[in-house]
Structure formats: C-alpha cells, structure tokens
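For reference, the structure is listed below as structure tokens.
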Amino acid sequence: MPLIPEEPQIHESVQGPRATPATGRTASTPRPVPGPRTAAMPRPGRPGPGPARPAPPAPRPQSTSARPQEAPPENRSAPQLQVIPAAADGALDAADEAVDLLLDSGRAPGDILVLTTGEQHPWATHELSFGEAAYWAQHEAGDDVFFAGTAAADRVKPRPVVIIAVNGADDDAANALTAARRCAGALLIVCGDPQRINAALGAGV
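Quick note on my numbering: the sequence shown kicks off at 464 and runs consecutively.
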C-alpha cells in the first residue's frame with residue numbers, strides 16, 4: 464500500500480520536468496506542423512515544382528504548332544508508292560481491281576483518282592461523249608471515283624489516292640508518273656510492267 468502513494472509522487476515529479484522541457488518541446492510544437500503540411504499537400508507540386516508547372520504550358524503550344532507544320536509537307540512530298548505488276552494491255556484491268564479493293568476497304572470514292580498514260584479508261588470515254596462540261600462537272604463534285612488521261616493531269620485536282628495505269632508508250636511514262644505523284648496526297652498505285660516503271664522512275668521500286 465505505501466507503494467501506491469509513491470507512484471503518484473513519481474507522476475508529479477514527471478509532470479514537473481515535463482513542464483521544464485516545455486521549452487524543449489517547442490521542438491515538439493513544430494510536430495503539430497503537420498497541420499501546415501496539409502496546407503502544403505494541396506500544393507503537391509511542392510513550392511519549387513509549383514511555379515515550374517505554369518512555365519511548361521507556354522512551350523507546349525509551341526510544340527503542337529510545330530507538329531502540324533511538319534506533318535503536312537511530309538504527306539505532300541512523299542506519297543506512299545505501291546506497284547501492281549501488269550502487262551501494258553492489262554494495266555487498266557489492274558487499276559480497276561485496285562479501285563475495287565480500296566472501296567471494299569472503306570476508302571471513299573471521292574478520294575480516288577485514276578489516270579492512264581495511253582488509251583482513256585472506258586468510263587472516261589463514255590462520260591466525255593456527253594461533253595467536257597458534264598465530264599469535268601463530275602470532277603468538281605468530287606463525290607465519286609474520277610478517271611482521266613495524264614494529258615489532263617494539270618487540270619485534275621489532287622486526291623488522297625491516285626492510281627495510274629501505265630498503258631501507253633514508254634516515252635510518256637516518266638512525265639505521267641511525275642504528274643501522278645504531284646496529284647497523289649497519301650498513296651500512289653502504279654499498275655504496269657515493273658521494268659518500265661523502274662525505268663520511268665530512274666530507280667528501283
């Protein structure tokens with residue numbers, strides 16, 4: 464039993480020294496600083512990173528503006544080239560098959576232009592029989608596949624996909640392919656004899 468009163472005395476003595484280190488517990492008072500830290504928590508970016516974050520938005524619009532400028536020239540100057548081997552007298556049939564495959568894959572008819580280096584495609588011959596005004600009106604509408612000779616390439620508007628049937632003389636192939644490349648936005652399909660095509664391009668395909 465006498466031990467019991469001694470224990471409270473020990474607690475009292477402990478309370479005394481606790482009061483004296485109160486100054487030392489001023490360091491413990493910073494422990495409640497977690498309260499202000501919560502205020503800093505909404506600033507998870509930390510004071511240093513916080514100001515740095517507003518800075519990046521400025522460079523971001525600059526990079527996005529640069530990207531669209533770089534992409535278009537690449538597509539315009541370098542359409543993808545695909546060669547479909549075919550004899551001169553079978554180049555038109557190969558071109559028709561290429562059109563069918565493109566349409567089946569979901570390509571819009573108005574995206575496709577078919578050029579011929581020699582004899583006109585039967586569709587173009589038929590439509591021209593109704594007069595050039597009606598023929599070119601369909602080209603201006605741009606809602607269907609259009610067929611034309613490379614002689615009229617300067618009048619034809621560029622389209623995403625150009626198919627050219629090399630069915631004419633070898634002398635015309637080089638100029639025809641140059642005109643076709645100029646009209647093609649994304650894809651150029653050449654139907655004909657690969658040797659003739661390579662010779663016209665001046666390099667292997």
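Heads up, the beta-carbon is just placed ideally off N, CA and C, and yes, glycines get one too.
Three-state secondary structure (DSSP) of residue i
{"i": "residue 605", "result": "coil"}
{"i": "residue 648", "result": "strand"}
{"i": "residue 583", "result": "coil"}
{"i": "residue 642", "result": "helix"}
{"i": "residue 628", "result": "strand"}
{"i": "residue 597", "result": "helix"}
{"i": "residue 541", "result": "coil"}
{"i": "residue 611", "result": "strand"}
Distance, residue j Cα to residue i Cα
{"i": "residue 428", "j": "residue 621", "result": "As shown, the chain starts at 464 and ends at 668. That puts residue 428 outside it, with no answer to give."}
{"i": "residue 541", "j": "residue 571", "result": "21 Å"}
{"i": "residue 556", "j": "residue 569", "result": "20 Å"}
{"i": "residue 660", "j": "residue 603", "result": "30 Å"}
{"i": "residue 664", "j": "residue 642", "result": "12 Å"}
{"i": "residue 545", "j": "residue 582", "result": "22 Å"}
{"i": "residue 607", "j": "residue 649", "result": "18 Å"}
{"i": "residue 590", "j": "residue 578", "result": "15 Å"}
{"i": "residue 552", "j": "residue 623", "result": "26 Å"}
{"i": "residue 636", "j": "residue 625", "result": "15 Å"}
{"i": "residue 657", "j": "residue 574", "result": "25 Å"}
{"i": "residue 632", "j": "residue 654", "result": "14 Å"}
{"i": "residue 592", "j": "residue 548", "result": "31 Å"}
{"i": "residue 543", "j": "residue 647", "result": "9 Å"}
{"i": "residue 613", "j": "residue 599", "result": "15 Å"}
{"i": "residue 560", "j": "residue 584", "result": "13 Å"}
{"i": "residue 565", "j": "residue 558", "result": "11 Å"}
{"i": "residue 594", "j": "residue 563", "result": "27 Å"}
{"i": "residue 601", "j": "residue 645", "result": "21 Å"}
First through last residue of the alpha helix (DSSP H) which encompasses residue i
{"i": "residue 659", "result": "657–664"}
Distance between beta carbons of residue j and residue i, contact taken as under 8 Å
{"i": "residue 619", "j": "residue 576", "result": "6 Å"}
{"i": "residue 610", "j": "residue 587", "result": "4 Å"}
{"i": "residue 628", "j": "residue 554", "result": "4 Å"}
{"i": "residue 429", "j": "residue 639", "result": "Residue 429 is absent from the model: the chain starts at 464 and stops at 668."}
Segments assigned alpha helix (DSSP H), at least 4 residues, entirely inside the segment 546–581: 554–567
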